[in-house]
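Chains as they are written, first to last, in the working numbering: chain A, 670 to 1217; chain B, 6 to 352. Cβ coordinates follow ideal geometry from the N, Cα and C atoms, glycine included. In what follows, a single structure is set out as structure tokens and then discussed.
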């Protein structure tokens, strides 16, 4: 035994004697993790979160979350002698007087942007591949919660420095709170300790940003990862990959090296970006004052969709019996996001109603094989992107010298017209791709070789598919459903069938009425037979098939 | 899923791991040998690459410490494309970024080139317990319920549920003292009859002749705003009282909220958007339109401050103004309606 092996043995024995870790390690040291680039999206989120915790703790050592006014006197000359809150003053000090302070601030901000981005794209991956299906519905709901909190946490974070941009964001948030029916003005004066801006809000937001939300995030993240570990990761279809196994690399050493290494790569890239590209230069905005604003103010990208929804909403307000119902604010800022996140959270159950299927799913869908889901996702995404673009309507108007009114009206119309069109096109595209897959499986792939038949006709020679391609296409069988059929209206004893299940049947019809049937084994065998005949007449079959 | 047909062509190299655990028709998991598996020189080359990256990472970490001491905080470096950038931020960031990145790159290269890349197979088990276990759980639960008497003693159950439903109330009540009640706070501002209007930043009073026709004072406040702020210790009054002044030819004014509320064509409007409270100052002199930079609500200052576009539902409140006996602009009263965003009790 080498010294290293002996040391490892001694350590594991010590631990095993105390908590019996041996059994667990024996089972898990070689735990299998499937490999695919898209599985790294969640990892990016995790690693940027770790970076956020580390840099965030550092920033708390220097940041002073107080709204007490002081006069700035520091290294940034243009602001010398100007009155500002201690929050802004200490952020300036972090940026200009603490060595490496600006770097850590920028790492924190870039990591936050990457965190919300990777969480969002990770969620899209999970959605479009059907990874949320049984038994992973709970983890999907935890994920939706994580994303909501990530957005809130980001907003809370960039509101803390009390610069002109962040204060403007808070002013808008306060306006939204005021619009809440019945209790709005009370909630507002309670939150802000009186009127806006007051002197209480930043210290309050600070404890929410550094303690409350990160604590919940950390707890939910742990649950999220434990469930992934316990339920084992899903995998994409491929040769030898089934719904009953998991194929990939062992935790030790490959995954430790790959995932551990990836942590350093993600961190390294974020630090390098922070070294090169300035983010949130708060010194350029100046301190917050409620009577100033800069034109072209933009929130961080993940708030853009909310801001855009608020911009595009018509100015409807109902005033009845001395009370105001501000639909122009409530609909885009609270109702639409509420509906969006609720639908997102419930989606696994909606789809399960349509499939009527209680199986466990560990093999991922190719998006084309779930045409209605993919189309619904694309439709939702088009809606999101439109309101996100609307959040930059002023910048678009300026860049292209277009009328802001025309842009706003165009987006209003598109929001109603475009998502259904996207739905139809995406579903047709998926069905088309499935048909093409079916053809490939039955007739082989096109070789580009044209053959002349004894009759004088010309035809293209088809070659059989590779194992990999075949396994991928055949996975359509796992994703194939037919609409749930209603039983007979009246059963053998003359009792009318219950009306229950009608909704499920309608949903099922909506999902699966348009479908492509994956080929059966007999059809494939016959198809291959033809393909082999084609090849035999041109050249020995081995020459084509060896190059797969 | 066992319908994968076995395939004659699947003659992969001999090292492919076997995926068939009890399912005979499964094709093998493909595996292709890497250069480093066959050629010891390639393996040694990969080894050298990995070690170089780890070594360079260590060097970068030392460079970070050197940069922390050596690079001055006010140094500026001009980079191509990116432009001028703080030298300290750049040096510290590049050094620590590379130190981190190179560990990662080295580890990944190690895993990809030198560690075994044969995929292995694990079986999945169904998560559900068997029926026997489930029955046992139901039975144990029933036994526990019986022993507690939870179902047999409804009075205990009901009082417990009622107590549990009420017990969070203190947590909500405790939040009460976070702030005062709204009362009339959203309805009034510090403007009052005779209060002089001063320009923002300079805090100098304004005479009508200081504003040319077509002119705009983008921010004006009550003359005593700084004393009020000193007294209250916050910017709350500024957030409500800020106004803009515009002057147009009296014949261009098509309507006013306060009849005759102008002084020779000078009209004062609240600067706070009635949509979500952003200060507004994007004024188009020709059309007399005022555009909010936050959500693009547009108000027509020549016509009662009415909304002509965007998500705001209410006009900008007009401040009644006049001239005092020294010839300076003053307010002749407070706004006649609440400034800023709507709220439930506004009416």
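Discussion item. Quick check on the burial criterion: 16 or more other C-beta atoms within 10 angstroms. Buried or exposed for residue 689 (chain A)?
Written reply: Counted from its first residue, the first chain places residue 689 (chain A) at position 20. Exposed, since its Cβ has fewer than 16 Cβ neighbours within 10 Å.
Fill in: chain A contacts made by the segment 245-276 of chain B, where a contact means CB separation under 8 Å
So the close ones are 245, 247, 276.
Discussion item. Less than 9 Å between the C-beta atoms of residue 301 (chain B) and residue 1081 (chain A), yes or no?
Written reply: Numbered from 1 along the second chain, position 296 holds the residue referred to as residue 301 (chain B). Numbered from 1 along the first chain, position 412 holds the residue referred to as residue 1081 (chain A). If you check the CB distance, residue 301 (chain B) and residue 1081 (chain A) do not come in under 9 Å.
Worksheet entry | Residue environment, residue 341 (chain B), which counts as buried when at least 16 other CB atoms sit within 10 Å | Walking along the second chain from the start, residue 341 (chain B) turns up at place 336. Note on residue 341 (chain B): under 16 other CB atoms within 10 angstroms of its CB, so exposed under the neighbour-count rule.
Worksheet item: Which residues of chain B have a Cβ atom closer than 8 Å to the Cβ of residue 845 (chain A), listed in chain order?
Response: Counting from one through the first chain, the residue named residue 845 (chain A) turns up at place 176. Under the 8 Å cutoff, chain B gives 281.
Practice prompt. For the segment 955-1000 of chain A, list the alpha helix (DSSP H) runs that are entirely contained and at least 4 residues long, ordered along the chain.
Written response: DSSP runs (the alpha helix (DSSP H)) wholly in the segment 955-1000 of chain A: 973-981, 996-999.
Practice prompt. Please work out which residues of its chain come closer than 6 Å, Cβ to Cβ, to residue 1034 (chain A), disregarding the five sequence neighbours upstream and downstream, and give them in chain order.
Written response: Here the question's residue 1034 (chain A) lines up with position 365 in the first chain. Within its own chain, the residues whose Cβ lies closer than 6 Å to the Cβ of residue 1034 (chain A), once the five positions on either side in sequence are excluded, are 798, 799, 1148, listed in chain order.
Item to complete: Run through the segment 876-951 of chain A for me and flag every whole alpha helix (DSSP H) of 4 or more residues, listed as ranges in chain order.
Response: Within the segment 876-951 of chain A, the complete alpha helix (DSSP H) runs of at least 4 residues fall at 882-900, 925-945.
Worksheet entry | Of the listed residues A:1009, A:886, A:906, nearest to residue 718 (chain A) (C-alpha basis) | Counting from one through the first chain, the residue named residue 718 (chain A) turns up at place 49. Put simply, of A:1009, A:886, A:906 the residue whose alpha carbon is nearest the alpha carbon of residue 718 (chain A) is A:886.
Worksheet item: Does any residue of chain B bring its CB to less than 9 Å from the CB of residue 982 (chain A)?
Response: Numbered from its first residue, the first chain carries residue 982 (chain A) at position 313. Yes, because at least one Cβ of chain B sits closer than 9 Å to the Cβ of residue 982 (chain A).
Worksheet item: Residues of chain A with a CB under 9 Å from the CB of residue 99 (chain B): which are they?
Response: Mapped onto the second chain, residue 99 (chain B) falls at position 94. The CB of residue 99 (chain B) comes closer than 9 Å to the CB of 940, 941, 944, 945 in chain A, given here in chain order.
Worksheet item: What does residue 855 (chain A) reach in chain B if we use C-beta pairs closer than 8 Å?
Response: On the first chain, residue 855 (chain A) is found 186 positions in, with the first residue counted as 1. Residues of chain B whose Cβ lies closer than 8 Å to the Cβ of residue 855 (chain A) are, in chain order, 186, 187.
Practice prompt. Note down, in chain order, every chain B residue with its Cβ under 8 Å from the Cβ of residue 837 (chain A).
Written response: Along the first chain, read from residue 1 onward, the residue named residue 837 (chain A) stands at position 168. Contact annotation for residue 837 (chain A) against chain B: 283, 299 [CB-CB distance below 8 Å, chain order].
Worksheet item: Shorter than 9 Å from the beta carbon of residue 318 (chain B) to some beta carbon of chain A?
Response: Taking the second chain and counting its residues from 1, the one referred to as residue 318 (chain B) is at position 313. For residue 318 (chain B), the nearest beta carbon of chain A is closer than 9 Å to its own beta carbon.
Worksheet entry | For residue 1198 (chain A), three-class secondary structure by DSSP | Within the first chain, numbered from 1, the residue matching residue 1198 (chain A) stands at position 529. In this structure, residue 1198 (chain A) counts as helix in the three-state DSSP scheme.
Worksheet item: Nearest-angstrom Cα distance between residue 332 (chain B) and residue 201 (chain B)?
Response: Here residue 332 (chain B) refers to the residue found at position 327 of the second chain. Here residue 201 (chain B) refers to the residue found at position 196 of the second chain. Roughly 10 Å between the two C-alpha positions.
Fill in: CA nearest to the CA of residue 757 (chain A), picked from A:775, A:787, A:738
Position 88 of the first chain, counted from the first residue, corresponds to residue 757 (chain A). Looking at the Cα atoms, A:738 is the closest of the given residues.
Discussion item. Quick check: the segment 1177-1191 of chain A against the segment 1138-1154 of chain A, are at least 3 beta-carbon pairs closer than 8 Å?
Written reply: Judged by Cβ distances under 8 Å, the segment 1138-1154 of chain A makes contact with the segment 1177-1191 of chain A, as three or more pairs qualify.
Practice prompt. Let me know if residue 24 (chain B) comes out buried or exposed under the rule of 16 or more other beta-carbons within 10 Å of its beta-carbon.
Written response: On the second chain, position 19 is the one that residue 24 (chain B) refers to. With a pLDDT of only 40 at residue 24 (chain B), under the threshold of 50, the placement of this residue in the model should not be trusted, and no figure is reported.
Fill in: Euclidean distance between Cα positions of residue 72 (chain B) and residue 97 (chain B)
The residue you call residue 72 (chain B) lines up with position 67 of the second chain. The residue you call residue 97 (chain B) lines up with position 92 of the second chain. Computed Cα separation, rounded: 6 Å.
Worksheet item: Curious, which full-length beta strand (DSSP E) runs of at least 3 residues does the segment 122-196 of chain B contain?
Response: Runs found: 125-128.
Worksheet item: With 16 as the cutoff for other CB atoms within 10 Å, does residue 1195 (chain A) come out buried or exposed?
Response: Taking the first chain and counting its residues from 1, the one referred to as residue 1195 (chain A) is at position 526. Counting every other CB atom within 10 Å of its CB across the protein chains shown gives residue 1195 (chain A) a total below 16, marking it as exposed.
Worksheet item: Does the beta-carbon of residue 1076 (chain A) have 16 or more other beta-carbons within 10 angstroms, so that it is buried, or is it exposed?
Response: Taking the first residue of the first chain as position 1, residue 1076 (chain A) is located at position 407. The C-beta of residue 1076 (chain A) has 16 or more other C-beta atoms within 10 Å across all chains shown, which makes the residue buried.
Discussion item. Less than 9 Å between the beta carbons of residue 753 (chain A) and residue 831 (chain A), yes or no?
Written reply: Position 84 of the first chain, counted from the start, is the residue given in the question as residue 753 (chain A). Position 162 of the first chain, counted from the start, is the residue given in the question as residue 831 (chain A). Contact annotation: residue 753 (chain A) and residue 831 (chain A) have beta-carbon atoms nearer than 9 Å.
Worksheet item: Looking at the unbroken beta strand (DSSP E) that takes in residue 227 (chain B), where does it start and where does it end?
Response: Here residue 227 (chain B) corresponds to residue number 222 of the second chain, with the count starting at 1. Bounds of the beta strand (DSSP E) holding residue 227 (chain B) are 221-227.
Worksheet entry | DSSP-derived helix/strand/coil call for residue 333 (chain B) | Counting from 1 along the second chain, the entry for residue 333 (chain B) is found at position 328. Residue 333 (chain B) falls in the coil class under three-state DSSP.
Fill in: Top-ranked residue by Cα proximity to residue 1088 (chain A), from A:792, A:1051, A:672
As a first step, residue 1088 (chain A) is located in the first chain; it is residue number 419 there, counting from the start. Relative to the Cα of residue 1088 (chain A), the nearest Cα in the group A:792, A:1051, A:672 belongs to A:1051.
Fill in: Contact belief for residue 914 (chain A) with residue 1030 (chain A) at Cβ below 8 Å, rounded distance in angstroms
One-based indexing of the first chain puts residue 914 (chain A) at position 245. One-based indexing of the first chain puts residue 1030 (chain A) at position 361. Not really, about 14 Å apart at Cβ, beyond 8 Å.
Discussion item. Between residue 121 (chain B) and chain A, is the shortest Cβ-Cβ distance under 9 Å, so that the two count as touching?
Written reply: Numbered from its first residue, the second chain carries residue 121 (chain B) at position 116. Yes, contact with chain A.
Worksheet entry | Minimum Cβ-Cβ distance from residue 321 (chain B) to chain A less than 9 Å | The residue given as residue 321 (chain B) occupies position 316 in the second chain. At a cut-off of 9 Å between C-beta atoms, residue 321 (chain B) does not count as an interface residue with respect to chain A.
Item to complete: Within its chain, find whatever has a CB closer than 7 Å to the CB of residue 171 (chain B); leave out the 5 residues flanking it on each side and keep chain order.
Response: For this step, residue 171 (chain B) is matched to residue 166 along the second chain. Around residue 171 (chain B): no qualifying Cβ.
Worksheet item: Curious, which full-length alpha helix (DSSP H) runs of at least 4 residues does the segment 1065-1124 of chain A contain?
Response: Whole alpha helix (DSSP H) segments, 4+ residues: 1073-1112.
Item to complete: Inspect the CB distances between the segment 727-741 of chain A and the segment 772-784 of chain A and report whether three or more fall short of 8 Å.
Response: Short answer: they touch.
Worksheet entry | Where the alpha helix (DSSP H) containing residue 672 (chain A) begins and where it ends | Residue 672 (chain A) sits at position 3 when you count from the first residue of the first chain. Boundaries of the alpha helix (DSSP H) harbouring residue 672 (chain A): 672-688, taken from the DSSP string.
Worksheet item: Along chain B, in chain order, which residues have C-beta atoms closer than 9 Å to that of residue 726 (chain A)?
Response: Position 57 of the first chain, counting from 1, holds the residue named residue 726 (chain A). None at all; the shortest Cβ gap to chain B is about 16 Å.
Worksheet item: How about residue 1132 (chain A) and residue 908 (chain A): are their beta carbons less than 9 Å apart?
Response: As a working note, residue 1132 (chain A) is residue 463 in the first chain. As a working note, residue 908 (chain A) is residue 239 in the first chain. Taking 9 Å as the Cβ cut-off, residue 1132 (chain A) and residue 908 (chain A) do not qualify as a contacting pair.
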